[in-house]
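Inspection log for the structure reproduced underneath, given as structure tokens.
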Ligand SMILES: Nc1ncnc2c1ncn2[C@@H]1O[C@H](COP(=O)(O)OP(=O)(O)OP(=O)(O)O)[C@@H](O)[C@H]1O
Ligand SMILES: [Mg+2]
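Chains as they are written, first to last, in this note's numbering: chain A, 268 to 650; chain P, 4 to 274.
Structure follows, in structure tokens:
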């Protein structure tokens, strides 16, 4: 793709290159649903989060942390809170000004296993705030898994120090009535690497907006997403990667499978390459597989390129149905339809799931998805 | 002892105004231990016959019957046909991204045999079959047919033939696109399957071999050769018929000369 083609893309989406950001909720009008940032979201289901509320629920979770990890629940005025976040919408600003506490995780060295945060939120309305900070040269993985039945407005700040490698997985396995709106603000120091993974399995409405700020040269962001949306699920991912310094890399791969008449996914991939970001390399890809009629996947990639001095920039987006020929081929080898479908879905998701890099989590995700496809694993015949 | 019986088979493609009849009354009986070769010009409907037997969704059977030992094949789903003992080595095998060959083979064999193969035996069985076909073990970890060369795809089809052990196998141009060595390896694979299946007490499988060239028939001797033309079998004979077709082409059945020399892009006398 040539640069001029890429620049032309600007005209096709309405996302402005400059984001309005504020910590004051009143700086953001109450969304009505027509705004560019909200037009894909069923705003009626999130109304409660548009006005301040007195929380009726709070994260009642647990943290399973190996050596090298410290964690604490701190007051909102703690110096570690608010390092990165500049709210970009009303819900995030409200959550920032009303959260009464924050979970802070600090990672140093190379913890021997992933940090597991079990986000169990009791029914009700909740504000959440989390700070995950990888100190310079740390190599660590944090898996946050959300479950339960709640309506949550959340901010997550992810700070990756110079030379650190941090993997953060946000796994949503909510009850059918849960609503989860979350802004993830990521800042990368020089030569830092983040692997940011969003896994959406269940929940009525999950809308996660990761923002990446490249604050030092040579940083790298790998943004992965896996979703299996069924009936009554709306999964929305809104990415904004802001390349402002030279020689940084971003690589985005989001894949969704949709099954069910009212299954919805939305993927917005905004990448900005500012004039100073010479030597940027960025690629983003979103693919969606529709298993049934009625399911709908919206996909809007958008590149804003303000310098010609880049290594590469590209995007691809494709939404399609099952390939009948693939199913025919598998079935012609005796494999029943449901199992052929399972193989194709597994195959479709395999490349992104394999990149998560946390094997038991990968298996858990695949097993959960296969269970949704009506498959229970057979016991191996070892004799 | 198995018998595949095709009676007065009529098949169309397309819908509504676009409907075209491709098969116009095919009659053929393939029994255990027999090798039938089908030769015919491009577009005469050979693959349509093969795909219709396998149940490809693109084709609509509008008349006639296909039975396997009396059971109505056309009433079966695609996977039931395979489990009933039919196998089609496809002219254009399909790529299935993200599904490894080993996982695919294991799933298919489990489905066809009705139980998961025992792990120890299975590894040995696959390795042996791959070795005979001179397939690198690395293929087991690759995605099904993805990025395979034409010849590699054909070897992979025959690997499945060996593992799935059908009672009736249809090979659609398995020889096309194979170099001389690959043709020998693949043909030997087929012959090995035909003879070992017989030794297993199952009785030799029946085989329907679709080809444009006699070169594969030097390895796999057909008992019968059929000429396919314009959607039906127009002549049947012994293996000498194949030589005659290769020398003369299909002109005497009404084909233009170009249909003869245009086969697979190579003139018949060059092979
Ligand atoms: N959707 C379609 N609409 C109309 N005609 C079709 C359609 N699909 C296939 N055909 C035609 O059906 C005919 C038979 O095709 P088929 O693939 O069975 O031929 P074949 O004998 O296997 O040829 P080859 O030797 O080239 O493999 C061809 O003329 C082809 O163009
Ligand atoms: Mg053909």
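Backbone N, C-alpha and C define an ideal beta-carbon position, used for all residues, glycine too.
Neighbourhood of ligand 2, defined by CB distance below 7 Å to any of its heavy atoms: P:49, P:50, P:94, P:175, P:176 and P:213, in chain order. Contact annotation: in the region 155 to 179 of chain P, residues whose CB is within less than 8 Å of a CB in chain A are 163 and 167. DSSP places residue 231 of chain P within a strand segment (E or B) once states are collapsed to three. The beta carbon of residue 17 of chain P lies closer than 8 Å to those of 23 in the same chain, with the five residues before and after it left out.
Bridge pairing for residue 432 of chain A: A:406 and A:460 [DSSP]. Taking 8 Å as the threshold, the shortest C-beta distance from residue 521 of chain A to chain P does not fall below it. Excluding its 5 nearest sequence neighbours in each direction, residue 245 of chain P has C-beta neighbours in its own chain below 8 Å: 40, 42, 217, 220, 225 and 228, listed in chain order.
By the Cβ neighbour-count rule, residue 329 of chain A is exposed, with fewer than 16 other Cβ atoms within 10 Å of its own.
Within a 10 Å sphere around the beta-carbon of residue 157 of chain P sit 16 or more other beta-carbons, which makes this residue buried.
Our two residues, residue 5 of chain P and residue 528 of chain A, have alpha carbons roughly 45 Å apart in a direct line. If you check the CB distance, residue 30 of chain P and residue 171 of chain P do not come in under 8 Å. For the 8 Å CB-CB criterion, residue 132 of chain P and residue 91 of chain P do not form a contact. In the three-state DSSP reduction, residue 364 of chain A falls in the helix class (H, G or I). Remark: the shortest separation between the CB of residue 55 of chain P and any heavy atom of ligand 1 does not fall under 7 Å. Look at residue 173 of chain P: its beta carbon is at least 7 Å from all of the heavy atoms in ligand 1. For residue 29 of chain P, the CB stays at least 7 Å from every heavy atom of ligand 1. DSSP places residue 181 of chain P outside both helix and strand once states are collapsed to three, so it counts as coil. Around residue 71 of chain P, the same chain offers 7 and 87 as residues with beta carbons nearer than 6 Å, after the five sequence neighbours per side are excluded.
Those residues of the region 49 to 64 of chain P placed with their C-beta closer than 7 Å to a C-beta in chain A are 57, 59 and 60, ordered along the chain. Take the alpha-carbon of residue 323 of chain A and the one of residue 368 of chain A: they are about 14 Å apart. Spanning the alpha carbons of residue 331 of chain A and residue 338 of chain A requires a straight line of approximately 10 Å. Chain A places no beta carbon closer than 8 Å to that of residue 104 of chain P, leaving this residue out of the contacts. Taking the Cβ atoms as the reference, residue 457 of chain A lies roughly 19 Å from residue 478 of chain A, outside the contact range of under 8 Å.
Under the Cβ criterion of 8 Å, residue 455 of chain A is not counted among the residues facing chain P.
In this structure, the alpha-carbon of residue 633 of chain A lies about 9 Å from that of residue 616 of chain A. With its beta carbon less than 8 Å from one in chain A, residue 101 of chain P belongs to the interface.
With respect to chain A, the C-beta atom of residue 203 of chain P has no partner C-beta closer than 8 Å. The three-state secondary structure of residue 596 of chain A, taken from DSSP, is helix. Proximity of the region 584 to 593 of chain A to the region 75 to 84 of chain P falls short of the contact definition, fewer than three beta-carbon pairs being nearer than 8 Å. Leaving aside the five residues that flank residue 466 of chain A on each side, the residues in its chain whose CB is nearer than 6 Å to its CB run, in chain order, 438, 493 and 632.
Identification of chain A residues near residue 110 of chain P by a Cβ-Cβ cut-off of 7 Å yields 602, 606 and 610, ordered along the chain. DSSP places residue 440 of chain A within a strand segment (E or B) once states are collapsed to three.
When C-alpha distances from residue 550 of chain A are compared across A:536, A:603, A:373 and A:560, the shortest belongs to A:536.
The C-beta distance from residue 487 of chain A to residue 351 of chain A rounds to 17 Å, too long to meet the 8 Å contact threshold. In summary, residue 127 of chain P is exposed, with fewer than 16 beta-carbon neighbours lying within 10 Å of its beta-carbon over all protein chains present.
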